[in-house]
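Have a look at the structure below before the remarks.
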Amino acid sequence: MLRLDSVSRHFGEQHVLDGISLTVPDGQLLSVVGPSGCGKSTLLRTIAGLLPVREATVTVDGAPVTGVPERLAVVFQEYGRSLLPWLTVRDNVALPLRRRGLGRAARRAEAETILERVGLHGVARRHPRELSGGMQLGVPPGP
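Going by the working numbering, the sequence shown opens with residue 210, and the numbers climb by one from there.
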């Protein structure tokens, strides 16, 4: 049985999980769905013992999760491999525009427009490591 009691997590000012409590009986399946960046992966990493639990309880078969439980397997998919980690999201999108001969200001403006179109304008100045997997997948590789 999996049990979560009041699991919350924040990264700086960004609250990702807020008081999540649930019980999953043995033999029952659980699906975690939601929009990009809502905390699905953070929740799963917490359950898997990959993120420490603070001021909350996560148990598997009645034992507190303090690391990766023996009977748990986790498979990660890397979405950000096509992004350059040292560049911001905006600069990753703008990079191909250099080949068109656009100046720096024009590249940045075009990248902002592209990010606006795909609903990622709010993360333009972040680096890929600061985005959820779904958000990384949504970063267009430039025009």
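Every residue, glycine too, gets a C-beta built ideally from N, C-alpha and C.
Cβ-Cβ distance between residue i and residue j below 8 angstroms
i             : j            : result
valine 274    : valine 262   : yes
glycine 347   : serine 245   : yes
valine 241    : leucine 226  : no
threonine 251 : arginine 218 : yes
serine 215    : alanine 272  : no
glycine 276   : glycine 248  : no
Own chain, CB closer than 6 angstroms to residue i, minus 5 neighbours either side, in chain order
i             : result
threonine 232 : Arg212
threonine 268 : Arg212
glycine 150   : Residue 150 lies beyond the residue range present for the chain, which begins at 210 and ends at 352; the question has no answer from this structure.
leucine 239   : Val233
Own chain partners of residue i with C-beta closer than 8 angstroms, once the 5 adjacent residues on each side are dropped
i            : result
arginine 299 : Arg317, Ala320, Glu321, Leu324, Ala333, Arg334
leucine 340  : Gly246, Gly289, Val298, Val332, Val348
serine 291   : Pro350
glycine 228  : Ser215, Val216, Ser217
Collapsed DSSP secondary structure at residue i in the structure displayed
i            : result
arginine 334 : coil
Residue i - partner residues in DSSP beta bridges
i             : result
glutamine 345 : DSSP, once it has assigned bridges, lists no residue as partnering glutamine 345.
arginine 290  : Arginine 290 pairs with nothing; no bridge assigned.
leucine 213   : Leu231, Val267
leucine 226   : Arg218
Cβ neighbours of residue i in the same chain (closer than 7 angstroms, five flanking residues each side left out)
i             : result
aspartate 235 : Met210
alanine 336   : Per the sequence shown, residue 336 should be read as histidine rather than alanine. Around histidine 336: Pro294, Thr297.
- What are the start and end residues of each continuous alpha helix (DSSP H) run of 4 or more residues lying completely inside the region 246-285, in chain order? Here the runs fully enclosed are 249-256.
- Which parts of the region 292-333 are runs of the alpha helix (DSSP H), unbroken and 4 residues or longer, counting only runs that do not cross its ends? Unbroken alpha helix (DSSP H) stretches of 4 residues or longer found wholly inside the region 292-333: 298-303, 313-326, given in chain order.
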